[in-house]
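Student: First the structure, then my questions, so here it is.
In UniProt numbering, the protein residues as written are 1 to 174.
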């Protein structure tokens, strides 16, 4: 069996009773994973797609109190899921607001307009899934912009969105 923690091999692959080899297992422990800071929020990459043949990417997003999210937008190329671990996150879907507390799962299919924000007085933490994984690189692109001193204006972010099949939901702009 091949087990990896934070992309490190703990044991070599072992043959099954049929003689073939078991798939590698990846484990990312607490405090491990790539950390990306986007303004006041952070995302810790738990799975960048390298262990799933790019079928799934996953991150843990931490959003401080009273923090706005991205402008309302839609994705053409991937599903996006959110599982609230702690705190509360307000999801806006079109014109409708939905407050999601711990234990809530929100699934956004391609084409659905959405955004999220933490409007509460406590920090919110949520798991964020991308199927396929392409949005992990989007967060890395934003990180590179910040590190190069480029501001994350709505126009700059919208330009990066185009690389990942994402567009603003202008009909719901406020």
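Don't be surprised by glycine CBs; every beta carbon is placed ideally from N, CA and C.
Can you tell me which residues form a DSSP beta bridge with residue 176?
Tutor: Past the edges of the chain, shown from 1 to 174, lies residue 176, and the structure says nothing about it.
Student: By the DSSP assignment, the alpha helix (DSSP H) with residue 144 in it spans what residues?
Tutor: From DSSP, the alpha helix (DSSP H) with residue 144 extends over 135 to 147.
Student: For residue 161, is the classification buried or exposed, using 16 other Cβ atoms within 10 angstroms of its Cβ as the cut-off for buried?
Tutor: Classification of residue 161: buried, given that the 10 Å Cβ count is 16 or more.
Student: Of all the options 113, 147 and 109, which has the alpha carbon lying nearest to the alpha carbon of residue 97?
Tutor: It is 113 whose Cα lies nearest to the Cα of residue 97.
Student: I'd like the ranges of any beta strand (DSSP E) spanning at least 3 consecutive residues and lying wholly in the UniProt domain "Cupin type-2" (60 to 129).
Tutor: Runs of the beta strand (DSSP E) inside the UniProt domain "Cupin type-2" (60 to 129): 73 to 75, 79 to 86, 88 to 93, 96 to 101, 105 to 108 and 115 to 117.
Student: Which whole-angstrom value is the C-beta distance of residue 110 and residue 78, which I expect to be below 8 angstroms?
Tutor: The Cβ separation is near 7 angstroms, so the contact holds.
Student: Quick one: is residue 154 buried, meaning 16 or more other Cβ sit within 10 Å of its Cβ, or exposed?
Tutor: So residue 154 counts as exposed.
Student: According to DSSP, is residue 42 part of a helix, a strand, or is it coil?
Tutor: Three-state result, residue 42: strand.
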